[in-house]
Structure formats: structure tokens, C-alpha cells
Amino acid sequence: MIHSLPKVHLAAASICTLILGTTLLLLPSEEVEATRSTITLIPAKAKTSQNAQASLTPSQNDTAEYTESNLLDQPPNLTDTSTPELTSTNVEEATLPPIVENWIDYDVRSGDNLTSIFKRAGLSARDVYQISQATSENQVLSRLYPGQTLSFLIQEGELQKLRFAQDRLNSVEIVRTEAGYDTQIVSRTPDIKTHIVSGTINSSLFVDAARAGLSDNMIMQMAQILGWDIDFALDIREHDRFRVLYEEKYLDDEKIGEGDILAVEFVNQGETFAAVRYTDSNGNSNYFTPGGHSMRKAFLRSPVDFRRISSGFNPSRLHPVLGTKRPHRGVDYAAATGTPIKASGDGKIIWRGTKGGYGRAIIIQHGGNITTLYGHMSGYKSGLSTGSRVKQGQTIGYVGMSGLASGPHLHYEFRVNGVHKNPMTVKLPHAEPVPKSEQAAFKQQASRLMAMLDGGTTGIALNDN
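Going by the numbering used here, the first residue of the sequence shown is number 166, and it counts up by one from there.
Shown next as C-alpha cells:
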């Protein structure tokens, strides 16, 4: 049939075929354009789009709807079923929850020790030994008191951590490591503020000082500071006055205790006694008069905490046991049996043993010309013997009624060059004053403290100074 066509027609058909073929080669198909648009235009967040329902390659029925225009407005979702790419949103959702440590608390009971508490916690003697070794240097677990708490973290039968709060300021944490147990002590420093209390004696020191706002601890501190000049058992009179500047300790704005007395003034029978606390360049703290003289005397006026003076210094006294006239060359301090007796000054024991009517007695040599005697003891402080050196305030024995005594008391004598002196009235030498090298700093400190006391300045945070 082709052979019957004219040559002119065949030539025209060939030309048309050539033109059509060339045109088809130059024009890309619609499906290829859609695929190219998809790869180029899909943003990463398109995977989470609420409209991403279409697949990457549309079906033949949908081909006509996927033009370049609607691909830009509504990118199709990938058909890949592999794990989706993590974004900032789902990374946060994948964060692991914090590890919860199951601590168990055990309260310290009366009579408890480390072994008994560890046993209640299900731990062994080996655990006690390891913890004791870990704390052997600081001894933080050597003393436990009822009311304290030990906290344990035990995992699979092994002690991993131990916490112990000694008080509100000091705590310790012991942590198990590959090398053993590591101990960390944490100490908090309280804020220190000043406070002033003043009052007048109407009945007694303890009653009126407490009514004014002083705690028992502050009253005892005041008595100790001024005790070399004022006998608070015998010298206090009605209308005596006092003012005390002292420290208060705060933690997180809560008062947790008291510190030291910084300055004190006491008017006793019209005579004024004042003292300020001063810490020297070596860190030693003592109390001095505002003029720099030591408040501490070389001797205590009373070497025992007594109830009353049962017998004073009396050269013509009638002896209560013998019933004969016999001089009483000392002072008898009535006190309960077992009350500690303190050395009235630094010195060396030159006698320790039974001495006639004195019963059990100790004699101390102070310097070259002063001796003190302590009689009728019930017993001696262990570790002391003839030749032992003692410090002022150190316990040397205990009140009793050995020898010629009608009741428990301390018989105390004070001798200068072998001559008996009345311990209640003898003029006692002072300890060393403020050294010359410290006087400038002391005067500045004393002036500031006395100004605060005189002006009633209180509530100052000393930590900021």
C-alpha cells in the first residue's frame, strides 16, 4: 500500500515525523517535573505537617493534580518507614528522667553506737570497719547523740553512700568509690549579728538577767568574765546594773544560737566594771578592761562552783567537829559530793595525798611565793600526781568530806610566803595586759565595742566587717 502512494506524499510524511520526534525530545514529561519538584522543595519539617498524606510518587490517577504550584503549597510526605529524624522537640521528649535514690534514715537512740545502727540497717561488721577506717582521721562518727540521724543509700546489699548531720552547721557525706570510701565534710558559716541586753538587779542575778532577756549561757559567760572582780554569790546588791553586747548566730534568717560576749559593763555597789573581748594577731582571744588590762587574774577567787560559804576566814573560830577554838585559816565552800575542784592558778602540785585533818588534799605551788591548798576531797583527778603541772581552771579533784569534816565541802587556803591570807579579800595579781605591739589595734576595737554598748547599737552583721 505504501508503494502505491505518490513520492510527494511520502516526502511530506517523513518531514512531519521528523518534526514531531524532535519536538517530543525537547519537551520533558509532566511526571518528571513533579519528581524534580518534590526532591528540591520538601523542607525537613514537612514530615510532621498535618497535611502530609500524599506519597513521594503520585499514582497514575493523581498525576494530573500534582502540578509544581500545589507541590509548593502542600509538600507530600515521604513514604520511608525508617526511624524519623530527631528534632529539638522530640529530643526534649526523649530526655531520661532523673535517677531517684532511695535513702533510708535511722535515728540515733540512747545507747546506740555505729555497730548497732549499721546492724539495724542490715549492714555487716565489715561495713562498720570500712566506714570507721574512712573516718579515722576526722572522727566524725566517733560520738553519736540521741536525736541525730544517719541516712543510708544501700544498693544490692552494698552501702553506696552515708550521710550524717552533726548539727545544723556541720554534716558529712561518705561515698563508695573504686578505691574505697571517700569522706567529704560540709560546714556552713552562720551570719553573726550583735544584740544588747541591759537590766537592773531587783532580786537576784539569774532572775533579773533572765527577765531582761539573757539566756543562762550568757549569764554564765558574764559571771566568768567579771568573776575575778565581782563575787556573784556574795557581792550582788539590789539596784546593781548591767549591759551586755553579744553575738547571735543566724542561718537562713533564723536564729540558731549565741556566740561570745563582745563587751560587758556591770555596776556593783556603785563601782563600774567593764570588759571587752579582743583577738590578737595570733588568734588568741581574751577579755581586757577598756584600758588594756587583763580581766583574768593570776588566781580564781573561787576554785569550785559552790552552794554557799559554810565557813569563812576566821582566826578565832570554834571547830565544828573538835569543839575547841582553832583558827580557820581558809574558806569552806559547801557543795555536793563529787563537785569538780579547779586549780585557782597555774602551778605545780607539790603535795597529793592524805594530810591530817585536811583528809585527801592537794597543795599547788604558784611561782616562788604563793601556795594554795585544797582539802577534804572525795577523790583526785586521774592522771595527776606530785610534780604534775596544772593550768588555771583545770579540774584537780572532787568535793568530799574526808578528814575532819562535818559535811561535804572544799576547804581552800591561800598562802603568801607561808602566811595565810583571806582568799576572799586578798589582792590578786593580774595576768599580762595587751602587748605593746597590739595596743593600737586593741584601742580601735575597744573604742568601737564600747561605743556600740553605750549607744545601744544592735543588729549589726559582723560577718560583713
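All C-beta atoms in this analysis are idealised placements derived from N, C-alpha and C, irrespective of residue type, glycine included.
| Query | Result |
| --- | --- |
| Reduced DSSP secondary structure (H/G/I, E/B, other) of residue 299 | helix |
| Span of the beta strand (DSSP E) around residue 335 | 335-342 |
| As assigned by DSSP and simplified to three states, the class of residue 520 | coil |
| C-beta contact flag for residue 426 and residue 401 at 8 Å | no |
| Closest by C-alpha distance to residue 378, when choosing among 361, 572, 614 and 592 | 361 |
| Counted within 10 angstroms of its Cβ, other Cβ atoms place residue 631 as buried (16 or more) or exposed | Residue numbering for the chain in the displayed model covers 166 to 630; residue 631 lies beyond these limits and cannot be assessed. |
| Proximal residues to residue 602 (C-beta, below 7 Å), its chain only, five neighbours per side dropped | none |
| Any 3 or more C-beta pairs closer than 8 Å across the segment 585-599 and the segment 542-553 | no |
| Opening and closing residue of the alpha helix (DSSP H) in which residue 281 lies | 279-285 |
| Contact under 8 Å by Cβ, residue 538 with residue 597 | no |
| Same chain, Cβ closer than 6 Å to residue 465, neighbours up to 5 away in sequence not counted | 509 |
| Contacts around residue 234, its chain only, beta-carbon distance under 7 Å, and the 5 residues preceding and following it disregarded | The predicted position of residue 234 is uncertain, since its pLDDT is 42 and thus under 50; a value taken from the coordinates is nonetheless stated next. None. |
| Beta-carbon proximity check, residue 318 vs residue 325, cutoff 8 Å | yes |
| Simplified DSSP state of residue 542, which is helix, strand or coil | strand |
| Inter-residue spacing [alpha-carbon to alpha-carbon] between residue 297 and residue 320 | 20 Å |
| Start and end residues, alpha helix (DSSP H) containing residue 530 | Element bounds for residue 530: not the alpha helix (DSSP H) but the beta strand (DSSP E), 525-531. |
| C-alpha distance - residue 522 paired with residue 568, whole-angstrom precision | 5 Å |
| For residue 620, three-class secondary structure by DSSP | helix |
| Length of the line joining the Cα atoms of residue 410 and residue 270 | 41 Å |
| Opening and closing residue of the alpha helix (DSSP H) in which residue 372 lies | 370-377 |
| Burial state of residue 534, where buried means 16 or more other Cβ atoms lie within 10 Å | exposed |
| Inter-residue CB distance, residue 503 and residue 543 (contact presumed, cutoff 8 Å) | 6 Å |
| Residue 388: first and last residue of the uninterrupted alpha helix (DSSP H) it sits in | 381-391 |
| Three-state secondary structure (DSSP) of residue 219 | Confidence at residue 219 is low in this model, with a pLDDT of 41, below 50, so its placement is unreliable and the value that follows should be read with caution. It is coil, neither helix nor strand. |
| Helix, strand or coil at residue 601 [DSSP, three-state] | helix |
| For residue 350, the nearest candidate out of 330, 524 and 561 (CA to CA) | 330 |
| Same chain, Cβ closer than 6 Å to residue 280, neighbours up to 5 away in sequence not counted | 293 |
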